[in-house]
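Working notes, structure below.
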Amino acid sequence: MSNEFTAAVTPPDPHPENALAFAFKKDQLLTRLQDEQAQVPTLSDLAGLAHTDQHYLGVCPEHGHCYALELAEETKAPTGLAFHGLRDIAPKLGPTLFGIGGRAVQIVAWGQTHRYCGRCGSENVHAENERAQTCPCCGLMCFPRLSPAIIVRIERGDQILLARNHRFPAGLYSVLAGFVEPGETLEECVVREVREEVGIDVEDIRYFASQPWPFPNSLMLGFTARHKSGEIEVDNNELAEADWYRPNELPNLPLPLSIARRLIDDYLKKHGVL
Numbered sequence: 001m002s003n004e005f006t007a008a009v010t011p012p013d014p015h016p017e018n019a020l021a022f023a024f025k026k027d028q029l030l031t032r033l034q035d036e037q038a039q040v041p042t043l044s045d046l047a048g049l050a051h052t053d054q055h056y057l058g059v060c061p062e063h064g065h066c067y068a069l070e071l072a073e074e075t076k077a078p079t080g081l082a083f084h085g086l087r088d089i090a091p092k093l094g095p096t097l098f099g100i101g102g103r104a105v106q107i108v109a110w111g112q113t114h115r116y117c118g119r120c121g122s123e124n125v126h127a128e129n130e131r132a133q134t135c136p137c138c139g140l141m142c143f144p145r146l147s148p149a150i151i152v153r154i155e156r157g158d159q160i161l162l163a164r165n166h167r168f169p170a171g172l173y174s175v176l177a178g179f180v181e182p183g184e185t186l187e188e189c190v191v192r193e194v195r196e197e198v199g200i201d202v203e204d205i206r207y208f209a210s211q212p213w214p215f216p217n218s219l220m221l222g223f224t225a226r227h228k229s230g231e232i233e234v235d236n237n238e239l240a241e242a243d244w245y246r247p248n249e250l251p252n253l254p255l256p257l258s259i260a261r262r263l264i265d266d267y268l269k270k271h272g273v274l
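Read in my numbering, the sequence shown has 39 at position 39, and its numbers run on one by one without any break.
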């Protein structure tokens, strides 16, 4: 999405009626399902729908201007539209709309949780020229929260380490991931998280790619690494199980839109499976 979408804060004047409206009730996105595809309504589609806050997101060459709307909890979906969890509907949105929707839901959630100044309690206002909330009384500014996290593919020979988190659906496995601690480099985080979760040491840590992951506000930083030493000892507080798998014996995997799946698919391509 980063190559196609141009982020902006200042909206066009007047608001274009055909702009896409990513309208959220909590974390539920208002969409129209048609032919197994999810369509995002326009501002004109939602002209009669009250909203509690609005954020201009920017412009996409394919879809035009985009807005994020915060809807009240009691909002009913207009005829022909329905609320869906962003993660649930991701495959039907496609990568571009999923990416913009992920941006939108994070900005809406940030607006909901930063209505008031954390220092003096006054009501915040939107900054004019940047994505920030400003306190008119004490001047404190707050910006959208991002939580950096590493996600790492570990290989041992032709094997890949996959694990199942307690929160995963039954049978779903993925690569390891964890949040970066204050004062820690990304490489140090990879070493620590792997050691904590499965008890092994890794080497040859290399950057792979990144992905914003709006559940709720992570920035996933992907790495690859090789097994250095140790046998798997699962931290049962974090994981249900973990094991080494060969390319032709993989279990159920994450969504294709996720960086976890990209890391795994890259491994499969290396071994001629994809």
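We put the CB at the ideal spot given by N, CA and C, even for glycine. Just so you know, these numbers come straight off a predicted model, no measurement behind them.
Take residue i and list the residues in its own chain whose beta-carbon comes closer than 7 angstroms to its own, dropping the five residues that flank it on each side.
i	result
P12	H65
D265	L274
E123	R115 and Y116
H15	L43
G171	P251 and N252
H271	D158 and P247
R87	F215
Note down the Cα distance separating residue i from residue j, rounded to an integer number of angstroms.
i	j	result
C135	P256	41 angstroms
R246	I160	6 angstroms
L30	L71	10 angstroms
H63	D204	41 angstroms
R262	K269	10 angstroms
S174	E36	26 angstroms
C60	Q54	18 angstroms
L57	A19	11 angstroms
S2	K26	Note that S2 scores a pLDDT of 46, beneath 50, so its modelled location is shaky; the value from the coordinates is reported in the next line. Roughly 25 angstroms separates the two Cα atoms.
K228	L219	27 angstroms
Y267	E155	9 angstroms
E74	Q106	20 angstroms
Y67	N248	44 angstroms
E238	H84	28 angstroms
G178	A50	38 angstroms
L97	A82	16 angstroms
F208	G48	45 angstroms
A260	P254	7 angstroms
T79	P182	47 angstroms
A77	Q28	11 angstroms
V194	L176	7 angstroms
R32	P95	17 angstroms
G285	V180	The requested residue 285 does not occur in the structure, where the chain is confined to residues 1 to 274.
E187	N217	21 angstroms
E184	L221	14 angstroms
A104	L69	8 angstroms
Going by DSSP, what residues sit across from residue i in a beta bridge?
i	result
E193	Answer is none; E193 lacks a bridge partner.
E123	Y116
R32	Q39
E203	R226
E187	Paired residue(s): none; E187 is not in a bridge.
K25	Q28
C66	L20 and G58
W244	L161
F5	Paired residues: none, contrary to the question.
Count the other CB atoms within 10 Å of the CB of residue i; is the residue buried (16 or more) or exposed (fewer)?
i	result
D45	buried
V152	buried
A109	buried
R167	exposed
Q34	exposed
G102	buried
L146	exposed
Q112	exposed
G99	buried
E17	exposed
P41	buried
Does the distance between the C-beta of residue i and the nearest non-hydrogen atom of the ligand PLP fall short of 8 angstroms?
i	result
D235	Only the bare structure without any ligand can be found here, which leaves the ligand PLP out of the picture.
Among residues of its own chain, excluding the 5 on either side of residue i, which ones have a beta-carbon nearer than 6 angstroms to its beta-carbon?
i	result
A132	M141 and F143
I89	A38
K92	Q37 and A38
S258	none
Can you list, in chain order, the residues of its chain with a C-beta nearer than 8 angstroms to that of residue i? Leave out the 5 residues immediately preceding and following it.
i	result
V190	I150, V152, V202, I205, F223 and A225
A8	Y56, L57, G58 and V59
key: the segment 192-199 in contact with the segment 125-133 per 3-pair CB rule at 8 angstroms   = no
query = Would you call the segment 133-151 and the segment 105-122 touching, i.e. three or more CB-CB distances under 8 angstroms?
reply = yes
query = Looking at C-beta atoms only, is the number of pairs between the segment 235-252 and the segment 209-217 that lie closer than 8 angstroms three or more?
reply = no
inquiry  = Measuring CB atoms only, is the segment 221-240 touching the segment 159-177, in the sense that at least three cross pairs come out at less than 8 angstroms?
reply    = yes
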